[in-house]
Amino acid sequence: MAALRGLLFLVFCFFSKTAVADSGTATYYTPPYVPSSCYGYEDEGVMIAAASDTIWDNRGACGRKYKVTCEGATNAGDPHPCRGDQPHVFVKIVDYCPPGCRGTIDLSQEAFASIADPDAGKIKISFQQSYVRAESVV
12 MAALRGLLFL
22 VFCFFSKTAV
32 ADSGTATYYT
42 PPYVPSSCYG
52 YEDEGVMIAA
62 ASDTIWDNRG
72 ACGRKYKVTC
82 EGATNAGDPH
92 PCRGDQPHVF
102 VKIVDYCPPG
112 CRGTIDLSQE
122 AFASIADPDA
132 GKIKISFQQS
142 YVRAESVV
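If you read the sequence shown in the numbering used here, its first letter stands for residue 12, the second for the next number, and so on.
Below, the structure written as structure tokens:
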């Protein structure tokens, strides 16, 4: 019986999908969204983001999709900026947010507004790479 429990534990460890999110901050930028560092003048829609040095990975972040969740305020000016019960959005990295970038991820204005009040300007987030199909992001 102990051997069976040990085997089940090992199977669980190998096949469980534990998602671990990183934390950071998000800001937003406004149109026009082209040209972008990753796609030049190709329009990638509006559910997009620019990556700071934290996740840029020397252009390796281009095309990656992230699930970004609003976790709360970064200032007292708007103590409850998050929208809804599950304030998250899926975005595609299309650009670079250069040194001096105010957030870990710089969301498009539309992506930011879908999870938080734009008047907040900057929010606390959790984010994790996602493997949703590209058409689900655009």
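All residues carry an ideal CB built from backbone N, CA and C; glycine is no exception.
List the residues that DSSP assigns as beta-bridge partners of residue i.
| i | result |
| --- | --- |
| residue 38 | 117 |
| residue 83 | 135 |
| residue 91 | Bridge partners of residue 91: none, in fact. |
| residue 77 | 102 and 140 |
| residue 59 | 103 |
| residue 3 | Residue 3 lies beyond the residue range present for the chain, which begins at 12 and ends at 149; the question has no answer from this structure. |
| residue 33 | 138 |
| residue 127 | 93 |
Using the beta-carbon count (16 or more within 10 Å), is residue i buried or exposed?
| i | result |
| --- | --- |
| residue 37 | buried |
| residue 61 | buried |
| residue 96 | exposed |
| residue 170 | Residue 170 cannot be examined here, being either before or after the span of the chain that is shown, 12 to 149. |
| residue 85 | buried |
| residue 55 | buried |
| residue 24 | With a pLDDT of 40 at residue 24, under the threshold of 50, the modelled position of that residue is not reliable, and the figure given next carries that caveat. Answer is exposed; the Cβ neighbour count stays below 16. |
If you measure between the beta carbons of residue i and residue j, is that distance less than 8 Å?
| i | j | result |
| --- | --- | --- |
| residue 93 | residue 63 | no |
| residue 102 | residue 136 | no |
| residue 127 | residue 81 | yes |
| residue 39 | residue 129 | yes |
| residue 141 | residue 77 | yes |
| residue 134 | residue 83 | yes |
| residue 116 | residue 73 | no |
| residue 100 | residue 79 | yes |
| residue 107 | residue 34 | no |
Does any residue of chain B have a CB that is nearer than 8 Å to the CB of residue i?
| i | result |
| --- | --- |
| residue 108 | Absence of chain B from the displayed structure is noted, only one protein chain being present. |
Between the stretch 68 to 75 and the stretch 116 to 126, are three or more C-beta pairs nearer than 8 Å? With a cut-off of 8 Å on Cβ pairs, the stretch 68 to 75 is not in contact with the stretch 116 to 126, counting fewer than three such pairs.
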